[in-house]
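Its first residue numbered 443, the sequence shown is counted upward by one per residue in the numbering used here.
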Amino acid sequence: MKQPIPTSGSDQSILVRDTQQGLKKASDDLHRVSSWWFKKKKKGVFIEKLFRSKTKISSIRFAEATASHSVESSQSHVHFDEKLHDSVVMVSQEADGNFLVKIGFLKIMHKYDIAFTLPPLPKLGRDVCAVPTPNLHLKVLSVTPVSEGFCVKCEYVAHKEGVLKEELVLASETSDNATVRVVLQARVMDRHHGTPMLLDGVRCVGAELEYDSEHSDWRGFD
Numbered sequence: 443m444k445q446p447i448p449t450s451g452s453d454q455s456i457l458v459r460d461t462q463q464g465l466k467k468a469s470d471d472l473h474r475v476s477s478w479w480f481k482k483k484k485k486g487v488f489i490e491k492l493f494r495s496k497t498k499i500s501s502i503r504f505a506e507a508t509a510s511h512s513v514e515s516s517q518s519h520v521h522f523d524e525k526l527h528d529s530v531v532m533v534s535q536e537a538d539g540n541f542l543v544k545i546g547f548l549k550i551m552h553k554y555d556i557a558f559t560l561p562p563l564p565k566l567g568r569d570v571c572a573v574p575t576p577n578l579h580l581k582v583l584s585v586t587p588v589s590e591g592f593c594v595k596c597e598y599v600a601h602k603e604g605v606l607k608e609e610l611v612l613a614s615e616t617s618d619n620a621t622v623r624v625v626l627q628a629r630v631m632d633r634h635h636g637t638p639m640l641l642d643g644v645r646c647v648g649a650e651l652e653y654d655s656e657h658s659d660w661r662g663f664d
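1. Hey, Q627 and K607: beta-carbon distance below 8 Å or not?
2. Should L651 go down as buried or exposed, given a rule of 16 or more other Cβ atoms within 10 Å for buried?
3. DSSP state of K549, grouped into three classes?
4. Count the other CB atoms within 10 Å of the CB of K549; is the residue buried (16 or more) or exposed (fewer)?
5. Quick one: using the 10 Å Cβ neighbour count with 16 as the cut-off for buried, is S552 buried or exposed?
6. Relative to the C-alpha of T575, which residue among M639, A613 and T559 is closest?
7. At what residues does the beta strand (DSSP E) containing V573 begin and finish?
8. So the beta strand (DSSP E) G604 belongs to, where does it begin and stop?
9. Could you have a look at A468 and say whether DSSP puts it in helix, strand or coil?
10. With distances taken from CA atoms, which of S589, A557 and N619 is nearest L566?
11. Let me check understanding here. Comparing Cα to Cα, which of Y598, C646, V573 and V622 lies closest to P564?
12. Going by C-alpha to C-alpha distance, which of G604, L641, V625 and D642 sits closest to H635?
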């Protein structure tokens, strides 16, 4: 067994100093390691939170996009139905049993053939005719029984601008007192607004002659 080597007072002072320096160095190293580990852990937590936040935001945006797509699809579908609904002549029955027929947009001073179908008219029976009227712009061409009711064909001249209503009267050939009124409603455009898109059941057959000072042959006095 080795015996401790005796040391002098100066040697003991040197040993204590070296020991203190070693402990301080070890403490500094431990502090640096602790700081590095803490920063790394903190950075990792931050990255994890950031990742979760981005993931959450991405999922929300995806949901909004899906909802937006659904709304757009729904609006497109409704818009398509409205277009389909507005592409035909609309016939509606009033509370008094008479009818309103909307024939859409027409162009001024143009002649149109118009055809529409009325439902069965028990009040008039099967033998139905049009009552002659002094209307110069609306002429009933035929009233024909069909499986759905009656097919009415008429000729109409759009004689002025604006929302126009023209009336025709249907009567029973077997009963003198039974009649049904049918009002045709049109929106007539002027000549400077182009050509309107016609509804199914409306056909333009030509333009009517009208006085137009721009096309007059009279050149004034010489």
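Heads up, the beta-carbon is just placed ideally off N, CA and C, and yes, glycines get one too.
On the basis of the supplied data:
1. Counting from one through the sequence shown, the residue named residue 627 turns up at place 185. Counting from one through the sequence shown, the residue named residue 607 turns up at place 165. For Q627 and K607, yes; Cβs fall inside 8 Å.
2. In the sequence shown, counting from the first residue as 1, residue 651 sits at position 209. Result: exposed.
3. Against the sequence shown, residue 549 aligns to sequence position 107. Strand at K549.
4. Sequence index remark: in the sequence shown, residue 549 carries index 107 (1-based). When all chains shown are included, K549 counts as buried.
5. Position 110 of the sequence shown holds residue 552. Looking at the sequence shown, residue 552 is not Ser but His. It counts as buried.
6. For the purposes of this step, residue 575 is taken as the residue at position 133 of the sequence shown. Ranking the options by Cα distance to T575, first place goes to A613.
7. One-based indexing of the sequence shown puts residue 573 at position 131. Unbroken run through V573: none, as it is neither H nor E.
8. The residue labelled residue 604 in the question sits at position 162 within the sequence shown. Looking at the DSSP string, the run of the beta strand (DSSP E) that includes G604 is G604 to S614.
9. Locating residue 468 in the sequence shown gives position 26, where the first residue counts as 1. Three-state result, A468: helix.
10. To locate residue 566, count along the sequence shown from 1; it is residue 124. Minimum Cα distance to L566 is reached at N619.
11. Stepping through the sequence shown from its first residue, residue 564 is reached at position 122. Answer by Cα proximity: V622.
12. Position 193 of the sequence shown holds residue 635. Residue G604 is the option with its Cα nearest to H635.
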